[in-house]
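Going by this note's numbering, 913 is the number at position 41 of the sequence shown; the sequence numbering is gapless. Ideal placement from N, C-alpha and C gives every residue a C-beta, glycine not left out. Quantities reported herein were computed from a predicted structural model and do not represent experimental measurements. Quick notes on the structure that follows.
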Amino acid sequence: MNMNSLEKRIASLSTELEKKGIVVTDKTDDALTFNKYGGWFIIQIYRDDNTYFRLLYPNFYKVSEIDEHKLCDAINRTNLEVRVAKIFRDNDNLWSAIECFNIDEIDFINNLEKYVELIKASRLKFTDYIK
């Protein structure tokens, strides 16, 4: 079976994660999921850009009866203050994401812990602002 470029990149990411002791729990054509660093993360890649990677931390905050203005203000303030990591709303949940350019999968994985720390910082900052 010949693998296409996207499949090769997913396989490479999976291998590099395993080298760091991280078990991939789910794979799709353009993403993989793992549970590490205290939560579930998704790595997305794109067919049209071999250097673009997105690290997602899904559903970290359930939006319930919060004033919409206060919610938007907390998200905006967090996004302004925490570099690189951005919070966004997906229906009734908040996600945090890092969008970055790396030379290749190895370069991305070598920076993974830094990216995770930035996502954690965005979560903490948001929870401070939403209080």
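- Beta-carbon to beta-carbon, A969 and K958 are separated by about 6 Å, close enough to satisfy the 8 Å threshold.
- Under the three-state reduction of DSSP output, S968 falls in the strand class.
- Around the beta carbon of K880, fewer than 16 other beta carbons sit within 10 angstroms, so the residue counts as exposed.
- Around the CB of Y929, 16 or more other CB atoms lie within 10 Å, so the residue is classed as buried.
- DSSP lists K908 as the beta-bridge partner residues of G911.
- In the structure shown, R955 falls within a coil segment according to DSSP collapsed to helix, strand and coil.
- Spatial neighbours of N983 in its own chain (CB-CB distance under 7 Å, excluding positions within 5 residues in sequence) are listed in chain order as N974.
- One Cα belongs to Y933, the other to N965, and the distance between them is close to 6 Å.
- With 16 or more other Cβ atoms from the protein chains shown falling within 10 Å of its own Cβ, Y987 counts as buried.
- Shown here, D1000 sits in a helix according to DSSP, grouped into three states.
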